[in-house]
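Protein chains in written order, with this note's numbering: chain A, -1 to 387; chain B, 55 to 188.
Following: one structure in structure tokens, then a few remarks.
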């Protein structure tokens, strides 16, 4: 019963089960518990999630909470969106095709990216693929009771938030896609195939139509993307591509703002329903925060996600330690430790959640101590070139 | 590698020892060669359980499990009790294994770890690993 810790950067504001694999603590989002088994069944439209689809409908009184919070959401959450006129667009960071200097700018881009190492590209591509699976994340938000966009153009603050959030996120995939395309360093066709498979597979993070679970999940995920894009920015700078560093940085800044929004929602839920929310937090952490891209498939590598996660771990872009740190951050942010007046179950949940980060860290230390060197692995995303895990 | 182990097991099963304790049901499992998730320098691992473990080993395992899962003193545990019966999640199970490693000064490989689901199996594996050490 190995724990699989999936740690790849989450697109949706996403972390794996723990696997003390012999090479790393590789994070894959499949937690090997009896009820959750991401069976990677090969299908023509992509691997299928085989999580047991338990549905516990949100009781009416809980759903009512989200109705009553609509005004609050309008005043406190929608303000964290950026007006479109003030937003950056991908073109701001790319060679401008309608300008005279376009071709020169492309040559400069390719000069910069020529020296980026293959393992860095593997991680950047994995991140980009995760971003490009955006339809899955908008869908996931719209599974949630009480906050879903009922018509596609609903005017509840929740629905407005979801559409605008999606629109902001959409620029991330577009920007990374175009940059990678122009670089010439990657196999775009393989990447595009991977994206098609991934959107076809979708994902089920175990949020069970429950907005408590949903917003806890997104809080975690947004912080994780903030951390990982921040790390890719830092690495780009170290490798001398300042433009790419700027790109990853601007994406990370968006993620930070989104993290602020989602954590604010959960903070409000803790205020309004402390017991329910702490139980939800423990539930999500027991299920483990699964990575949105854990079902990724490129038609070439049966363990693609695991390999990608390992590289991300090795490069320090997103690690098991980050998972523990993020949980600890959220526990502190929501002041879970200080909560009083909880039910018996609530106190158990509180203890579980507060005690979890050190347990994860201990596991990670053990895994690192046992990490064995393994042979380099080819990635179709970089034309089959090999990278150390 | 695999065929050698299989032969080893076959020859073992032909031995008759009247006082031998009943073999655990897993004892005839074929040796497995474990591959790491990534091609690499992983060693093959055997899962061979032989005679059932000594009572004191089983008791020690129970003690460690009780502590890890914070079980009430009156909660009954038998050698056949599985960890999941006791409400352990995957994190608990790994920590139980870590506790056993510390207590018995052994190293449990990942593949063997997957095969421990009850007290008896844990105790059997421990004795195997302790015997291998000396």
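Heads up, the beta-carbon is just placed ideally off N, CA and C, and yes, glycines get one too.
Keep in mind the model is a prediction, meaning the values are calculated, not measured.
Does any residue of chain A bring its CB to less than 8 Å from the CB of residue i?
i	result
residue 149(B)	yes
residue 90(B)	Model confidence at residue 90(B) stands at a pLDDT of 31, short of 50, so the residue's coordinates are unreliable and nothing is read from them.
residue 143(B)	yes
residue 181(B)	no
Kindly indicate if chain B contains any beta-carbon less than 8 Å away from that of residue i.
i	result
residue 361(A)	yes
residue 357(A)	yes
residue 383(A)	no
residue 399(A)	Absent from the model: residue 399(A). The displayed extent of chain A is -1 to 387, so no value can be given.
Could you spell out the range, first to last residue, of the alpha helix (DSSP H) harbouring residue i?
i	result
residue 295(A)	Counting along the chain, residue 295(A) falls outside any alpha helix (DSSP H), and DSSP gives it neither H nor E.
residue 113(B)	109 to 123
residue 86(A)	That residue, residue 86(A), is in no alpha helix (DSSP H); it is neither H nor E in DSSP.
residue 190(A)	186 to 199
residue 66(A)	58 to 66
residue 341(A)	Segment: none, residue 341(A) is in no alpha helix (DSSP H) and carries neither H nor E.
residue 216(A)	209 to 236
residue 153(B)	144 to 158
residue 162(B)	That residue, residue 162(B), is in no alpha helix (DSSP H); it is neither H nor E in DSSP.
residue 178(A)	155 to 181
residue 109(A)	100 to 112
residue 260(A)	240 to 270
residue 116(A)	116 to 130
residue 304(A)	302 to 312
residue 331(A)	318 to 331
Bridge partners of residue i, per DSSP?
i	result
residue 275(A)	Residue 275(A) pairs with nothing; no bridge assigned.
residue 384(A)	376(A)
residue 136(B)	172(B)
Which whole-angstrom value describes the C-beta separation of residue i and residue j, a residue pair presumed to lie in contact below a C-beta threshold of 8 Å?
i	j	result
residue 297(A)	residue 191(A)	6 Å
residue 151(B)	residue 131(B)	17 Å between Cβ atoms; not a contact.
residue 131(A)	residue 196(A)	5 Å
residue 171(A)	residue 126(A)	6 Å
residue 145(B)	residue 125(B)	That pair is no contact at about 16 Å.
residue 160(B)	residue 173(B)	At roughly 16 Å, the Cβ-Cβ gap does not stay under 8 Å, so residue 160(B) and residue 173(B) are not in contact.
residue 475(A)	residue 153(A)	Residue 475(A) lies beyond the range of chain A shown here (-1 to 387); nothing can be said about it.
residue 107(B)	residue 185(B)	Not quite, the Cβ-Cβ distance comes to about 10 Å (not below 8 Å), so this is no contact.
residue 45(A)	residue 295(A)	5 Å
residue 355(A)	residue 318(A)	Actually they do not touch by this definition, with Cβ atoms about 11 Å apart.
Taking Cβ positions only, does residue i come closer than 8 Å to chain E?
i	result
residue 202(A)	Looking at the structure shown, chain E is missing, and the protein chains on hand are A and B.
Please list, in chain order, the residues of the segment 269 to 287 of chain A that have any C-beta partner in chain B closer than 7 Å. Within the segment 269 to 287 of chain A, the qualifying residues are 284.
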